[in-house]
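K.L.:
Residue numbers (our numbering): 281 to 492. Positions of the beta carbon are idealized from the N, C-alpha and C atoms, including for glycine. Predicted model only: the values in this text are computed from it and were never measured. Have a look at the structure that comes next, please.
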Ligand SMILES: CC(C)(COP(=O)(O)OP(=O)(O)OC[C@H]1O[C@@H](n2cnc3c(N)ncnc32)[C@H](O)[C@@H]1OP(=O)(O)O)[C@@H](O)C(=O)NCCC(=O)NCCS
């Protein structure tokens, strides 16, 4: 479990979420347009609630998931980030079974990042993402990925992410894993000098992220 950390904004601090933060996280992450039908929404965040009950012995807050909350000086939650394995990682048609564990130990995904409207444009999302990146880097992860709406390409670009229609990753075998999700863009950032973004088949591609 990580201690609360002070930000450059003295009124805001970032802390790891606890199992008592289920409703808070659901409320904050519901600010993200998940492109789901209304009836799909309540259940869509159930895996997150469930993951919050996992032990939090570190380095991530909840086993392979990392949940952070930003709160103001009164302890009121004003932003959150939720990260963990992407769905495609456990899909045999998208991720080779033999590589599954390596992928889950090296690459993680931001599932949600949100700041309440009254606190936007104060650097809170940047701080939450930065905290998450540092923790994943320290835990041996080499790349962080996410899916986003096209309108947020500039936002993630400012935060150092490369956006493309496809998420492409070279496997240690030399094969190329390349995913597309209709209506979404993928963004990725390298966390370790052992990995890089190179151009493969004309696409920005995460290379070296899964090497020994
Ligand atoms: C997107 C969102 C998380 C940004 O939060 P925020 O705390 O206001 O962002 P920050 O203040 O940390 O901004 C970081 C940088 O991005 C810029 N930025 C913020 N929102 C932006 C947007 N919608 N489009 C383009 N740039 C944006 C800021 O100007 C800042 O740039 P700078 O540091 O170079 O000046 C917030 O607007 C939000 O919660 N939106 C609804 C949920 C959502 O869409 N989440 C993202 C998808 S997972």
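1) Could you please give the first and the last residue of the uninterrupted alpha helix (DSSP H) stretch that includes residue 328?
2) Compute every distance between the C-beta of residue 345 and the non-hydrogen atoms of ligand 1, then say whether any falls below 7 Å.
3) Helix, strand or coil for residue 452 per DSSP?
4) Around ligand 1, what residues have a beta-carbon under 5 Å from a heavy atom of it, in chain order?
5) By DSSP, does residue 483 sit in helix, in strand, or in coil?
6) Which whole-angstrom value is the C-beta distance of residue 439 and residue 447, which I expect to be below 8 Å?
7) I need the straight-line Cα distance from residue 402 to residue 378, nearest angstrom please.
8) Identify, in the order they occur along the chain, each residue of the same chain with its Cβ nearer than 7 Å to the Cβ of residue 474, setting aside the five sequence neighbours on each side.
9) Who does residue 376 pair with in a DSSP beta bridge?
10) Where does residue 404 fall in DSSP's three states?
11) Where does residue 413 land, buried or exposed, given buried means 16+ other C-beta within 10 angstroms?
12) Can you name the start and end residues of the beta strand (DSSP E) that residue 470 belongs to?
13) Could you name the residues that DSSP lists as bridge partners for residue 462?
14) Can you tell me which residues form a DSSP beta bridge with residue 387?
15) Please tell me whether residue 424 and residue 390 are closer than 8 Å, where the distance is taken between their beta carbons.
P.N.:
A quick look at the data gives this:
1) 326-331
2) no
3) Per DSSP, reduced to three states, the secondary structure at residue 452 is coil, with no helix or strand assignment.
4) 311, 312, 393, 394, 395, 400, 401, 403, 404, 405, 406, 434, 435 and 438
5) strand
6) Residue 439 to residue 447, Cβ: 17 Å. No contact.
7) 43 Å
8) 422, 488 and 491
9) Paired residues: none, contrary to the question.
10) DSSP places residue 404 in helix when its eight states are reduced to three.
11) buried
12) Where residue 470 is concerned, the enclosing beta strand (DSSP E) stretches over 465-470.
13) None; residue 462 has no bridge partner.
14) 423
15) yes
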